[in-house]
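Those letters in the sequence shown? Residues 1 to 100, by the UniProt record's numbering. Every residue, glycine too, gets a C-beta built ideally from N, C-alpha and C. Take a look at the structure set out below.
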Amino acid sequence: MRPACPPLTHGCKFLNFSRSKSELDLAARKAIKEIEGVDGKDLDEYSTEGSEKYKGMINQISQTLKLTTLKYQKLADLVEAIGLPKEKICTYCWDGAEIK
1 MRPACPPLTH GCKFLNFSRS KSELDLAARK AIKEIEGVDG KDLDEYSTEG
51 SEKYKGMINQ ISQTLKLTTL KYQKLADLVE AIGLPKEKIC TYCWDGAEIK
């Protein structure tokens, strides 16, 4: 499976893209809770592509969904495709970066 965006590790503060308000409905947060036993720890590491925690999260999501392969789009590639500086794009749901 190849989702068109990075894994969502934070719920959106601005859009209502889901009926649920629980961040545990996000596949990434479910995986983190399964790995850590609690939700919301070390989200920066889980949002950093290539880190061991990121790889573990992707593996957990893949196992849960019974996928043979799973690769998310990189945030840097998404930003590049949009064509604006990252500072001009809200990336909160992917990396927790607050808008300034």
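Cβ-heavy atom distance, residue 45 to the ligand HEM, below 6 Å: The ligand content of the structure shown is nil, which means the ligand HEM is not present either.
Using a Cβ distance threshold of 8 Å, determine whether the region 60 to 72 contacts the region 82 to 90, with at least three qualifying pairs required. Judged by Cβ distances under 8 Å, the region 60 to 72 makes no contact with the region 82 to 90, as fewer than three pairs qualify.
DSSP-derived helix/strand/coil call for residue 56: Within the sequence shown, the letter at position 56 stands for residue 56. DSSP, read as helix, strand or coil, puts residue 56 in helix.
Residues in its own chain within less than 8 Å of residue 34 by CB, not counting five upstream and five downstream? To locate residue 34, count along the sequence shown from 1; it is residue 34. For residue 34, the CB contacts under 8 Å within the same chain, skipping 5 residues up- and downstream, are 60, 64 in chain order.
Cβ neighbour criterion (16 or more within 10 Å) applied to residue 47: The residue you call residue 47 lines up with position 47 of the sequence shown. With 16 or more Cβ atoms within 10 Å of its Cβ, residue 47 is classed as buried.
Endpoints, the alpha helix (DSSP H) within which residue 47 is located: Taking the first residue of the sequence shown as position 1, residue 47 is located at position 47. Element bounds for residue 47: 43 to 47.
Taking the beta carbon of residue 1 as the centre, do at least 16 other beta carbons fall within 10 Å, making it buried, or is it exposed? Along the sequence shown, read from residue 1 onward, the residue named residue 1 stands at position 1. Classification of residue 1: exposed, given that the 10 Å Cβ count is below 16.
Residue 6 and residue 72 - do their beta-carbons sit closer together than 7 Å? Position 72 of the sequence shown, counted from the start, is the residue given in the question as residue 72. Position 6 of the sequence shown, counted from the start, is the residue given in the question as residue 6. It is a contact, given that the beta carbons lie within the stated cut-off.
Who are the Cβ neighbours of residue 82 in its own chain at under 8 Å, not counting the five residues just before and after it? Locating residue 82 in the sequence shown gives position 82, where the first residue counts as 1. So the qualifying residues of the chain are 89.
Buried/exposed call for residue 58, threshold 16 Cβ in 10 Å: Locating residue 58 in the sequence shown gives position 58, counting from the first residue. With 16 or more Cβ atoms within 10 Å of its Cβ, residue 58 is classed as buried.
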